[in-house]
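One structure is given below, encoded as structure tokens.
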Amino acid sequence: MSTVPVQAYLALALILFCIGLYGALTKRNTVIVLISIELMLNAVNINLVAFSKYGITPSITGQIFTLFVIAVAAAEVAVGIAILISLYRNKKSVNIDEMDAMKH
Amino acid sequence: MTFSGEFLAFMSLALVAVIGGVLLLNLTKVVHMVVALVFTFVSIAGIYVLLSAEFLAAVQILIYSGAITIVMLFGIMLTRHNDTSEPNTGRWRKLLVFVGVLGFAFAVYIGIYNLDLPSAPNDLHVNNTEQIGIELYSKFIIPFEVTSVLLLVALIGSIVLAKKDDEKEAEKE
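Protein chains in written order, with my numbering: chain A, 1044 to 1147; chain B, 1493 to 1665.
Structure follows, in structure tokens:
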């Protein structure tokens, strides 16, 4: 019936998740780190929607869960950008390796 | 393998998504990175359409390629970023992270490769938005309300965090 197997969707989600993970761990700019985390959340959403269609018991619940994940991600971005602007006002920098106030 | 329309659509959307992600890693200017990621978000919306989740595709375009990208661009423009910043994090650390991510990808791919799910018929594509609405307001009404509280908390929290604290300092003096 369906020509694209569920493994293809899962593999795409895996690739996007790994790109996001690599970006979040190596980039210096805090905005890019935040947006890499968004990419990881998006990859997980693809998994949820794929299983809601091709899982053992297909149901709409996966899509509902994805909606909640999107809402939480939007809230997270708003708070993250607010923290970033507040940090920038104090430190005059957005590089993530200079935000080490809790280390020393 | 037969090259049906669904397969071609999936391959092109997946290609655009992965290219957007790779551009995110390789471009040097911060604004270009965010714009590259818009391609990824839009093609993920196309993937949702393929997975018969039309409402989620609309939400994805509205929230991700609309709101979140614009908020990120505002975040970039409100902060002075030393543009084209040379990534002088250690090469060894990058290599180590790369190897770790590759190992993780391999481990998960083994699990995906051996996955074999029996396909069951579904009717997700008929009246998708109506199904989501019925389910959301009957089974998931409490999480729905809690989400509204969460959004309110995030709204107030981000305003408080980003507000200039001039008045507070003036009160102290």
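Every residue gets a Cβ at the ideal spot worked out from N, C-alpha and C, and that includes glycine.
C-beta atoms of residue i and residue j nearer than 7 angstroms
i                : j                : result
I1099 of chain A : L1609 of chain B : yes
G1558 of chain B : T1532 of chain B : no
V1092 of chain A : L1543 of chain B : yes
L1642 of chain B : A1118 of chain A : yes
A1121 of chain A : A1550 of chain B : no
L1515 of chain B : A1528 of chain B : yes
T1069 of chain A : E1498 of chain B : no
CB-CB length for residue i against residue j, believed under 8 angstroms
i                : j                : result
I1075 of chain A : M1503 of chain B : The Cβ separation is near 28 angstroms, so there is no contact.
L1517 of chain B : Q1106 of chain A : At roughly 30 angstroms, the Cβ-Cβ gap does not stay under 8 angstroms, so L1517 of chain B and Q1106 of chain A are not in contact.
G1567 of chain B : I1128 of chain A : 7 angstroms
I1089 of chain A : L1055 of chain A : 7 angstroms
L1616 of chain B : P1101 of chain A : 7 angstroms
L1082 of chain A : L1059 of chain A : 6 angstroms
Cα-Cα separation, residue i to residue j
i                : j                : result
Q1552 of chain B : I1624 of chain B : 15 angstroms
R1585 of chain B : V1591 of chain B : 10 angstroms
T1564 of chain B : S1650 of chain B : Looking at the sequence provided, one finds Met at residue 1564 of chain B rather than Thr. If you take the alpha carbons of M1564 of chain B and S1650 of chain B, they lie about 14 angstroms apart.
G1123 of chain A : V1137 of chain A : 12 angstroms
A992 of chain A  : V1530 of chain B : Nothing about residue 992 of chain A can be read from this structure; chain A reaches only from 1044 to 1147.
P1613 of chain B : L1594 of chain B : 35 angstroms
P1159 of chain A : T1073 of chain A : The structure shown does not extend to residue 1159 of chain A, since chain A is modelled only from 1044 to 1147, so the question has no answer here.
V1600 of chain B : L1057 of chain A : 8 angstroms
I1626 of chain B : V1589 of chain B : 44 angstroms
L1653 of chain B : I1126 of chain A : 6 angstroms
L1628 of chain B : R1572 of chain B : 42 angstroms
A1597 of chain B : K1656 of chain B : 43 angstroms
L1053 of chain A : A1144 of chain A : 39 angstroms
M1044 of chain A : Q1050 of chain A : Below a pLDDT of 50, predicted positions are generally treated as unreliable, and M1044 of chain A, at 48, falls in that range; no measurement from the model is reported.
R1583 of chain B : L1084 of chain A : 27 angstroms
I1113 of chain A : S1496 of chain B : 31 angstroms
T1520 of chain B : T1561 of chain B : 18 angstroms
A1086 of chain A : K1134 of chain A : 33 angstroms
I1539 of chain B : H1147 of chain A : 46 angstroms
L1587 of chain B : N1619 of chain B : 48 angstroms
V1522 of chain B : V1638 of chain B : 35 angstroms
V1534 of chain B : E1546 of chain B : 13 angstroms
K1631 of chain B : M1142 of chain A : 43 angstroms
E1622 of chain B : D1140 of chain A : 47 angstroms
Y1556 of chain B : V1115 of chain A : 12 angstroms
S1611 of chain B : Y1097 of chain A : 6 angstroms
F1094 of chain A : L1130 of chain A : 40 angstroms
S1640 of chain B : A1501 of chain B : 36 angstroms
Alpha helix (DSSP H) segment containing residue i, residue limits
i                : result
T1100 of chain A : Per DSSP, T1100 of chain A belongs to no alpha helix (DSSP H) and is neither H nor E.
E1627 of chain B : 1620 to 1630
E1141 of chain A : First-last for E1141 of chain A: undefined, no H or E at that position.
I1560 of chain B : Unbroken run through I1560 of chain B: none, as it is neither H nor E.
L1507 of chain B : 1497 to 1518
V1589 of chain B : 1583 to 1605
T1532 of chain B : 1522 to 1542
I1553 of chain B : I1553 of chain B -> no alpha helix (DSSP H), and no H or E assigned at all.
S1650 of chain B : 1633 to 1654
L1053 of chain A : 1049 to 1069
Any non-hydrogen atom of the ligand ATP closer than 6 angstroms to residue i Cβ
i                : result
A1114 of chain A : Absence of the ligand ATP is noted for the structure shown, with no ligands found whatsoever.
Relative to chain B, which residues along the region 1072 to 1084 of chain A have a C-beta separation below 8 angstroms, given in chain order? Under the 8 angstroms Cβ criterion, the region 1072 to 1084 of chain A contributes N1072, V1074, I1075, L1077, I1078, S1079, E1081, L1082.
By the 8 angstroms beta-carbon criterion, what residues does the region 1112 to 1133 of chain A contribute toward chain B? Hits within the stretch, in order: I1113, A1114, V1115, A1116, A1117, A1118, E1119, V1120, A1121, V1122, I1124, A1125, I1126, L1127, I1128, S1129, Y1131, R1132.
Going along the region 1522 to 1534 of chain B in order, which residues come within less than 8 angstroms of chain A, judged by CB to CB distance? Here the close residues are V1522, M1525, V1526, L1529, T1532, F1533.
Interface residues of the region 1543 to 1560 of chain B facing chain A [CB-CB below 9 angstroms]: Answer set for the region 1543 to 1560 of chain B: L1543, S1544, A1545, F1547, L1548, V1551, Q1552, I1555, Y1556, A1559, I1560.
Name the residues in the region 1499 to 1511 of chain B whose C-beta lies less than 9 angstroms from a C-beta of chain A; which are they? Going along the region 1499 to 1511 of chain B in chain order, one finds F1499, A1501, F1502, M1503, L1505, A1506, A1509, V1510 with a Cβ nearer than 9 angstroms to chain A.
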